[in-house]
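2 protein chains.
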Amino acid sequence: MAKGLIILNTGNGKGKTTSALGMSLRAIGNGLKVLMIQFLKSSTAYGEIQASLRLNPDFEIIQVGKECVYKEGNKRRYQCTDCAFLCHIDPKKPDPGHISAAENGFRLAEQSIKSGKYDMIILDEINYAISYGLIKIEEVIRLIKEKPEALHLVFTGRNAHPDLIQIADLVTEMKEIKHPFQKGITSTKGIEL
Amino acid sequence: MAKGLIILNTGNGKGKTTSALGMSLRAIGNGLKVLMIQFLKSSTAYGEIQASLRLNPDFEIIQVGKECVYKEGNKRRYQCTDCAFLCHIDPKKPDPGHISAAENGFRLAEQSIKSGKYDMIILDEINYAISYGLIKIEEVIRLIKEKPEALHLVFTGRNAHPDLIQIADLVTEMKEIKHPFQKGITSTKGIEL
């Protein structure tokens, strides 16, 4: 049995979640079963959710985030250009709702990893949850060490923790060279979401 | 009608084709029709080919490459760690078979772009075909300028031509930070293919 890889997609550019989605597609085509747990996200507006339904039961996406956008006066403001639905979380004072959502998500990840039901599990945006202090890096490293031998584990999100980079087999930095927001083009349905 | 984007995934890391596959999945989930033309590739062993069949008719992948691996003695050698099936092409003396395969692929791209049948067209690994001298950059730029307004065009492959970077709206460099080959782990089914 081949050893499962620890894969990490990080950096400030596009393609971290998107590449994990592509990996899912490729894995499914090879007969593997894939689960993606999306931390911090909770909107079914994402195109991948709709598309994944067509690949059931080989591909499941479960969102464990708490929907919330940061408002400034009457305007909706978003945390970053990376994900229009990411919450504005103050890492020094995270909202209890976010903490419990992330904790529940992590418990689900743990159960899914131990279940042996999947060949690949993607913990999407977990790097944010770690850097916001919602999930402890020690817990993540312990989970990696306890995972079934053949399981591929994929981590995405900016600001990857150095301990995660250290333990990973395949680390890619997605680097933004040019972004349409720079040209004043706003979020494009089918591309951003 | 929203303006279609010119998207470019380049760099030496993983995730250029993979991210384009993820974009396809997201686009399909938003009701768009997607075509991926794979230059230089011609093996149905790719997981994405198998998975795409399940998303027909909204997602089509057409391979226009000429199968060929570079042999050194009795051993199979590959062009790069990026794609196990990429051919060894000498840019100073490309094989006529590769030239005509790339030209046919380019004609197919042109017809598909003009057909108005698709919302997103991905020209996978076309950067290699350009840098190997199989396709002229001027032809590619002309195609971009003539494309239907709403069509998203995606280009992948290492060594993107500066003129393509210049005209693109969204450019991401996938940068290899750590690769399992460095640890002596060879190609992993479901991940690399």
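Here the protein sequences come in this chain order: A and B.
FYI, the numbering for the first sequence is 928 to 1120, going by my numbering.
FYI, the numbering for the second sequence is 928 to 1120, going by my numbering.
Idealized CB from N, CA, C, for every residue including glycine.
Range of the contiguous alpha helix (DSSP H) that encloses residue i
i: HIS1088(A); result: Neither: HIS1088(A) is in no alpha helix (DSSP H) and is coded neither H nor E.
i: GLU1065(A); result: 1064 to 1073
i: GLU1103(B); result: Careful: GLU1103(B) lies outside any alpha helix (DSSP H), inside the beta strand (DSSP E) at 1097 to 1105.
i: ASN936(B); result: Here ASN936(B) belongs to no alpha helix (DSSP H); instead the beta strand (DSSP E) covers 933 to 937.
i: LEU948(A); result: 943 to 956
i: LEU1078(A); result: Careful: LEU1078(A) lies outside any alpha helix (DSSP H) and carries neither H nor E.
Inter-residue spacing [alpha-carbon to alpha-carbon] between residue i and residue j
i: ASN1054(B); j: HIS1088(B); result: 7 Å
i: GLU1103(B); j: LEU1080(A); result: 18 Å
i: PHE966(B); j: ALA1036(A); result: 38 Å
i: THR1008(B); j: ASP1022(A); result: Because THR1008(B) carries a pLDDT of 33, less than 50, the predicted location of this residue cannot be relied on, and no value is offered for it.
i: GLN1093(B); j: ILE933(B); result: 10 Å
i: ASP1090(A); j: THR1099(A); result: 15 Å
i: GLN1006(A); j: LYS968(A); result: No answer about GLN1006(A) holds up, because its pLDDT of 41 lies below 50 and its placement is not dependable.
i: THR945(B); j: GLY938(B); result: 13 Å
i: GLY958(A); j: LEU1097(A); result: 22 Å
i: HIS1063(A); j: ILE1057(A); result: The sequence given here places Lys at residue 1063(A); His does not occur at that position. If you take the alpha carbons of LYS1063(A) and ILE1057(A), they lie about 6 Å apart.
i: CYS995(B); j: ILE1026(A); result: Low per-residue confidence applies at CYS995(B): pLDDT is 49, beneath 50, and the placement is therefore not dependable enough to give any value.
i: GLU1052(A); j: GLY940(A); result: 13 Å
i: LEU982(B); j: ALA947(B); result: 15 Å
i: LYS1024(A); j: LEU1061(A); result: Note that residue 1024(A) is Gly in the sequence shown here, rather than Lys. Computed Cα separation, rounded: 10 Å.
i: LYS998(B); j: VAL991(B); result: Here LYS998(B) scores only 45 on pLDDT, less than 50, and its place in the model is too uncertain to base an answer on.
i: ASP1046(A); j: ALA929(A); result: 11 Å
i: ILE1071(A); j: GLU987(A); result: 21 Å
i: GLY1043(B); j: GLU1076(B); result: 10 Å
i: LEU935(B); j: GLU1066(B); result: 17 Å
i: GLY1084(B); j: LYS1074(B); result: 21 Å
i: ARG1069(A); j: LYS960(A); result: 23 Å
i: GLY931(A); j: PHE1033(A); result: 20 Å
i: ILE1040(A); j: LEU962(B); result: 34 Å
i: PRO1107(B); j: LEU1050(A); result: 20 Å
Proximity to residue i [Cα-Cα], best of the options
i: ILE964(B); options: GLU1076(B), ILE989(B), ILE1057(B); result: ILE989(B)
i: ASN1031(B); options: ALA929(B), LYS993(B), ASP985(B); result: LYS993(B)
i: ILE1048(A); options: ASP985(A), LEU980(A), MET1101(A), ALA978(A); result: ASP985(A)
i: SER979(B); options: TYR1059(A), GLY956(A), ILE1071(A); result: GLY956(A)
i: ALA943(A); options: LYS1105(A), HIS1106(A), PHE1082(A); result: The sequence shown places Lys at residue 943(A), rather than the Ala named in the question. Of LYS1105(A), HIS1106(A), PHE1082(A), the residue nearest in Cα terms is PHE1082(A).
i: LYS1105(B); options: GLN1038(A), ALA1095(A), MET1101(A); result: ALA1095(A)
i: ASN1086(B); options: MET1101(B), LYS930(B), SER1042(B); result: MET1101(B)
i: TYR1059(A); options: LYS960(A), LEU962(A), ALA1028(A), PRO1107(A); result: ALA1028(A)
Span of the beta strand (DSSP E) around residue i
i: GLU987(A); result: 986 to 990
Residue i CB to nearest heavy atom of the ligand ADP below 6 Å
i: THR937(A); result: With respect to small molecules bound, the structure shown includes none, and the ligand ADP cannot be examined in it.
Cross-chain neighbours of residue i in chain C, by beta carbon under 7 Å
i: MET1101(A); result: In the structure shown, chain C cannot be found, because the protein chains are A and B.
Would you check if the segment 951 to 963 of chain B and the segment 957 to 974 of chain A touch, i.e. whether three or more CB-CB distances between them fall below 8 Å? yes
In chain order, each beta strand (DSSP E) run of at least 3 residues that lies wholly inside the segment 1032 to 1065 of chain B: 1047 to 1051
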